[in-house]
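In this text, residue positions in the sequence shown follow this note's numbering: the first is 1, and each later residue adds one. Beta carbons are placed, not taken as given, at the ideal position from N, Cα and C, and that holds for glycine.
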Amino acid sequence: MKKSTLLIAGLLALGSTSMHADEGMWTLYNLPDAVYEQMVAEGFQLPRNMLYGAPNAISNSVINFSGFCSGVVVSPNGLVFTNHHCGFSAINALSTVEHDYMKDGFYAKSYAEELPSKDLFVSFMKKQEDITPRVNKLIAGKNAEQTEAIIDSLTNHLTDSIKTIDKTLHISVDAFYEGNKYYATTYQDFQDVRLVFTVPKSMGKFGGETDNWMWPRQTSDFSVFRIYADPKTNGPAAYSKDNVPYKPANWAPVSLEGYKDKDFAMTIGYPGSTNRYLSSFGIQQRRDIENTVQVQVRDIKLAIMKKYMDKNEKTRLQYENKYVTSANYWKNSIGMNKCIDSIGLIRQKAEYEAKIQRWLDEKTVKDPTVNVDLKKLSNLYKESAEPALVQAYWNESFWKVSELIQRAFDITRGAIEPQGPKDDESAQYVQFKDNSSDWNLALDKEMTAAMLKNYAEHVPAAYRPEVFNVIKTKFGNNYKKYTDWLYANSKLLVKDHKFYNDENTLNDPGIQLGVELVMLYQQVMTNYVSKIEAIEQEEKKLCEAKVQMEMDMPHYSDANFTMRMSYGQVGGYMIGGFDSNYYTTAESLVEKMKLGKKLEDYKVEPIMMDLMSAKDFGRYADKTTGKMQLCFLTNNDITGGNSGSPMFDGKGRLIGLAFDGNWDSLSSDINFDRKLARCIGVDIRFVLYLMDKWGHADRLLKEINPQ
């Protein structure tokens with residue numbers, strides 16, 4: 001994300017102490033020999049080039065699902081499996097009160113019934129290579145802003161070059177190892193993606209926030225889409241009724257054989273970000289500022305959304321995706337902070353940094369690329385604490401929270417293309433598209449009032465713009481009164497209103513609020529950016545020092561939403577002295593369903609209770625246990641973005657879809673603990689069972705042809 005945007009991404013960084021054998025999110029094109037050898041020792045049975053390189057390599061079936069999740073192609077006609085929560089926004093957007101696919105589920109009985117999903121895309125990685133020497137030559141001596149511009153220019157140049165060979169390809173240049181390495185990755189994107197099958201939300205999100213990040217789980221977290229392509233080229237094409245199902249070169253074989261304890265398991269997907277090289281100072285700031293602010297503000301936002309969503313179905317559909325997304329990271333932040341404290345992670349990191357410092361002190365030849373100054377780094381974090389706090393509250397309180405404020409931001413930042421005569425600026429205007437079906441006015445007003453009030457109560461007075469004085473002097477600090485006046489007098493939510501570049505627009509109280517908030521953000525970031533850049537340089541040195549000190553060990557880079565492979569084994573862990581077990585069964589689901597009368601998160605349609613109780617599991621039951629196994633655990637290393645990642649056995653066959661991690665490992669983004677960290681996957685046999693017995697999706701099962 002560019003530093004010039006309003007939201008500046010958190011610092012990327014990885015790892016704490018020494019890496020364990022099966023820890024890691026590995027890039028495939030340069031997979032270390034030691035890692036592949038360990039995979040084979042643990043049960044991987046395929047040649048190395050079947051991971052990456054061969055025409056029928058496993059990785060060729062794995063997709064980036066719309067820039068925020070992962071997925072896998074499972075048929076010769078472009079059928080895609082991903083998580084239900086990955087398809088949630090698309091399912092929600094396609095739902096209406098009359099045709100509520102979110103509530104009732106959906107199955108397209110023919111290609112003609114498959115539903116185009118606006119704004120979805122899937123991306124295939126075609127190639128990856130190290131271009132570090134080329135990049136380093138270009139950015140030598142450049143500051144962060146210049147480096148960013150150079151990387152953007154190089155990315156455009158490489159993309160233009162590849163398009164002369166194949167116009168459907170593009171290239172992304174990404175930093176790895178805290179900017180010590182740069183890789184170029186070639187992608188092919190398909191924009192015509194259609195919904196084919198989804199279970200009701202009561203099953204796709206069974207357990208809701210009660211079970212989120214928890215084990216045991218019984219969630220059927222899957223949805224099914226299809227890639228469509230140009231009928232002449234089988235390549236990417238914008239949506240058209242004439243497009244046909246994509247014919248992939250290869251797809252993942254789907255297995256009915258299942259797994260047992262200690263079996264090899266592998267995920268391939270697109271993990272979003274991790275911070276495992278992050279210093280102890282950075283972890284402390286993550287805990288005390290970013291996570292703490294996120295929890296505090298989202299407590300308020302979630303309560304307001306839920307109040308209105310519970311009142312009627314239309315509002316529920318409008319805000320359900322936003323609510324679920326917000327609640328997910330709210331709970332993640334709570335769990336992460338608890339894990340950081342319970343395992344003493346900050347202390348562990350500080351001790352490891354002292355070890356690095358001793359190694360640096362003993363070096364006879366000093367290397368400026370690794371000579372990190374820990375005292376300087378500590379001071380930089382202390383100096384950045386106040387602006388970091390303000391930025392966190394600003395982001396959580398105002399960015400994409402209220403429709404009125406967001407429209408004010410869009411005008412203030414020039415994010416809306418002006419209409420009118422190009423040769424007469426005075427006649428040009430900005431006009432918002434009517435999206436009134438997407439938001440609720442009463443909710444929006446209450447959210448704006450609550451966010452302004454909460455912001456004022458938690459940030460220093462120096463970071464409160466003039467509007468807060470107006471609220472105090474003219475409205476007696478009554479934020480509801482101010483917001484009622486604001487919404488009554490601003491034209492920002494008036495349908496079809498034209499905003500010209502004149503005094504009427506400048507005097508609009510909503511736009512004045514937006515201007516003040518944007519100017520405040522710019523004021524904060526003016527001083528904060530230099531601190532961020534200095535911190536990044538020291539964190540970069542710390543990362544390189546760790547890699548050099550442990551030169552005999554393979555090291556993986558931070559997750560950055562590029563394709564990664566993680567390997568490990570099926571297995572449970574100890575919870576409070578008891579074995580967690582590594583899979584759940586239909587019986588456990590029925591027991592939770594019985595609680596549905598008292599707990600909304602366990603409430604399901606009667607047909608689901610009937611199906612699970614009937615025990616007509618047939619070929620989907622496990623051959624060893626005789627049970628219908630629903631979800632299972634592995635020690636694969638995953639994070640956000642891995643949702644929907646295919647889980648493969650040692651023969652490269654699909655056995656599940658990763659959809660969550662466990663509560664006891666929520667600090668995994670900054671520290672991987674193999675004793676506690678677990679990947680929770682939905683058993684592919686449970687997926688197929690529901691497609692068969694609930695959906696009667698015979699045509700899809702025939703197409704997938706599970707073995």
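Discussion item. Based on DSSP bridge pairs, tell me the residues matched to L657.
Written reply: Taking the sequence shown and counting its residues from 1, the one referred to as residue 657 is at position 657. According to DSSP, which records beta bridges pairwise, L657 is partnered with P646 and V682.
Practice prompt. For P55, count neighbouring Cβ atoms within 10 angstroms of its own Cβ and tell me buried if that reaches 16, exposed if not.
Written response: One-based indexing of the sequence shown puts residue 55 at position 55. By the 10 Å Cβ count, P55 comes out exposed.
Worksheet item: Between I704 and L158, what straight-line distance do the alpha-carbon atoms span, to the nearest angstrom?
Response: For the purposes of this step, residue 704 is identified with residue 704 of the sequence shown, where counting begins at 1. For the purposes of this step, residue 158 is identified with residue 158 of the sequence shown, where counting begins at 1. Spanning the two alpha carbons is a distance of roughly 37 Å.
Discussion item. For a quick check, are the C-beta atoms of D130 and N49 less than 8 Å apart?
Written reply: Counting from one through the sequence shown, the residue named residue 130 turns up at place 130. Counting from one through the sequence shown, the residue named residue 49 turns up at place 49. No, these two residues do not count as a Cβ contact at 8 Å.
Worksheet item: Grouping DSSP H, G and I as helix and E and B as strand, with all else coil, what is M723?
Response: No statement about residue 723 is possible, as the shown extent of the chain runs from 1 to 707 and does not include it.
Practice prompt. Determine the burial state of M266: buried for a count of at least 16 other Cβ atoms within 10 Å of its Cβ, exposed for fewer.
Written response: Within the sequence shown, residue 266 is the residue found at index 266, counting from 1. Burial call: buried.
Worksheet item: Beta-carbon separation of M647 and T634 under 8 Å?
Response: Counting from one through the sequence shown, the residue named residue 647 turns up at place 647. Counting from one through the sequence shown, the residue named residue 634 turns up at place 634. Yes, the Cβ-Cβ distance between M647 and T634 is below 8 Å.
Worksheet item: In three-state terms, what does DSSP make of K433?
Response: Counting from 1 along the sequence shown, the entry for residue 433 is found at position 433. In the structure shown, the three-state DSSP call for K433 is coil.
Worksheet entry | Proximity of V401 and M451 at Cβ, strictly below 8 Å | Position 401 of the sequence shown, counted from the first residue, corresponds to residue 401. Position 451 of the sequence shown, counted from the first residue, corresponds to residue 451. Going by C-beta atoms, V401 is nearer than 8 Å to M451.
Worksheet item: Can you tell me the Cα-Cα spacing of K118 and D423, whole angstroms?
Response: Taking the sequence shown and counting its residues from 1, one reaches residue 118 at position 118. Taking the sequence shown and counting its residues from 1, one reaches residue 423 at position 423. Going from the Cα of K118 to the Cα of D423 covers about 34 Å.
Fill in: Exposure of L506, with buried meaning 16 or more beta-carbon neighbours within 10 Å
One-based indexing of the sequence shown puts residue 506 at position 506. Classification for L506: exposed.
Fill in: Own chain partners of K103 with C-beta closer than 7 Å, once the 5 adjacent residues on each side are dropped
Taking the sequence shown and counting its residues from 1, one reaches residue 103 at position 103. Excluding positions up to five away in sequence, the list reads P200 and K201.
Discussion item. Which residue marks the beginning of the beta strand (DSSP E) containing N64, and which one marks its end?
Written reply: To locate residue 64, count along the sequence shown from 1; it is residue 64. Per DSSP, N64 belongs to the beta strand (DSSP E) from V62 to F65.
Practice prompt. Find the nearest neighbour of I346 within the set A392, D692, G105 and F281, judged by alpha-carbon distance.
Written response: Stepping through the sequence shown from its first residue, residue 346 is reached at position 346. The residue with the shortest Cα to Cα distance from I346 is F281.
Practice prompt. May I ask you to list the residues that DSSP assigns as paired with H696?
Written response: Mapped onto the sequence shown, residue 696 falls at position 696. Answer by DSSP bridge pairing: none, since H696 is not bridged.
Item to complete: Could you tell me which residues DSSP pairs with T634 in its beta bridges?
Response: Translated into the one-based positions of the sequence shown, residue 634 becomes position 634. DSSP lists V570 and C679 as partners of T634.
Item to complete: Out of V682, D664, D637 and K693, state which residue places its alpha-carbon closest to the alpha-carbon of S273.
Response: For the purposes of this step, residue 273 is taken as residue 273 along the sequence shown, with counting starting at 1. The residue from V682, D664, D637 and K693 with its alpha-carbon nearest to that of S273 is D637.
Practice prompt. Please state if the CB of A697 and the CB of Y107 are separated by a distance shorter than 8 Å.
Written response: Taking the first residue of the sequence shown as 1, we reach residue 107 at position 107. Taking the first residue of the sequence shown as 1, we reach residue 697 at position 697. Contact: yes.
Fill in: Distance CB(A327)-CB(E209) smaller than 8 Å
Translated into the one-based positions of the sequence shown, residue 327 becomes position 327. Translated into the one-based positions of the sequence shown, residue 209 becomes position 209. In this structure, E209 lies closer than 8 Å to A327 by Cβ.
Discussion item. I need the DSSP call for I704, collapsed to helix, strand or coil.
Written reply: As a working mapping, residue 704 is identified with position 704 in the sequence shown. In the structure shown, I704 sits in a helix (DSSP, three-state: H, G or I).
Worksheet item: Using the rule of at least 16 other Cβ atoms within 10 Å of the residue's Cβ for burial, across every protein chain shown, is D664 buried or exposed?
Response: What you label residue 664 is simply residue 664 of the sequence shown in a count that begins at 1. With 16 or more Cβ atoms within 10 Å of its Cβ, D664 is classed as buried.
Worksheet item: Which residues share a DSSP beta bridge with C69?
Response: Position 69 of the sequence shown, counted from the first residue, corresponds to residue 69. C69 pairs with F65.
Practice prompt. With L542 as the anchor, note down where its alpha helix (DSSP H) starts and where it stops.
Written response: Start at 1 with the first residue of the sequence shown, and residue 542 comes out as number 542. For L542, the enclosing alpha helix (DSSP H) starts and ends at P509 to M549.
Item to complete: Note down, in chain order, each residue of its chain lying with its Cβ closer than 7 Å to the Cβ of F65, except the 5 sequence neighbours on either side.
Response: For the purposes of this step, residue 65 is taken as the residue at position 65 of the sequence shown. Hits under 7 Å: G71, T82, C86, V122 and G644.
Worksheet entry | Extent of the continuous alpha helix (DSSP H) run through L154 | Along the sequence shown, read from residue 1 onward, the residue named residue 154 stands at position 154. Residues A144 to K163.
Worksheet item: Enumerated in chain order, which unbroken segments of the alpha helix (DSSP H) with a length of 4 residues or greater are wholly contained in the region 317-367?
Response: For the region 317-367, whole alpha helix (DSSP H) runs of length 4 or above, ordered along the chain, are 345-362.
Worksheet item: Per DSSP, which one or two residues make a beta bridge with A265?
Response: On the sequence shown, position 265 is the one that residue 265 refers to. Beta-bridge pairing links A265 to G568.
Practice prompt. Please state whether DSSP places A621 in a helix, a strand or coil.
Written response: By 1-based counting over the sequence shown, the position of residue 621 is 621. Reduced to three states, the DSSP call for A621 is coil.
Practice prompt. Note down, in chain order, each residue of its chain lying with its Cβ closer than 7 Å to the Cβ of A21, except the 5 sequence neighbours on either side.
Written response: Mapped onto the sequence shown, residue 21 falls at position 21. At A21 the pLDDT is 49, less than 50, meaning the model places this residue with poor confidence and gives no usable figure here.
Worksheet item: From K592, D579, G652 and V687, pick the residue whose C-alpha is nearest to that of Q629; which is it?
Response: Translated into positions along the sequence shown, residue 629 becomes position 629. When only C-alpha atoms are compared, the closest one is V687.
Worksheet item: Near K481, which residues of its chain fall below 8 Å by C-beta distance, leaving aside the five closest residues on each side in sequence?
Response: Reading the sequence shown from its first residue, position 481 is the one you call residue 481. Excluding positions up to five away in sequence, the list reads F475.
Discussion item. Let me confirm a value: D558 is counted as buried when at least 16 other C-beta atoms fall within 10 Å, else exposed. Which label applies?
Written reply: By 1-based counting over the sequence shown, the position of residue 558 is 558. Answer is buried; the Cβ neighbour count reaches 16.
Worksheet item: To the nearest angstrom, how far is it from the Cα of S255 to the Cα of L51?
Response: Start at 1 with the first residue of the sequence shown, and residue 255 comes out as number 255. Start at 1 with the first residue of the sequence shown, and residue 51 comes out as number 51. If I take the Cα positions, the gap works out to 18 Å.
Worksheet item: Within 10 angstroms of its Cβ, does S4 collect 16 or more other Cβ (buried), or is it exposed?
Response: Translated into the one-based positions of the sequence shown, residue 4 becomes position 4. With a pLDDT of 32 at S4, under the threshold of 50, the predicted position of this residue should be treated as unreliable, and no value is reported.
Practice prompt. Kindly identify the DSSP beta-bridge partner or partners of P245.
Written response: Working through the sequence shown from its first residue, we reach residue 245 at position 245. Paired residue(s): Y228.
Worksheet item: Between the Cα of N527 and the Cα atoms of E148, L380 and K163, which residue gives the shortest distance?
Response: As a first step, residue 527 is located in the sequence shown; it is residue number 527 there, counting from the start. Considering only alpha carbons, the answer is L380.
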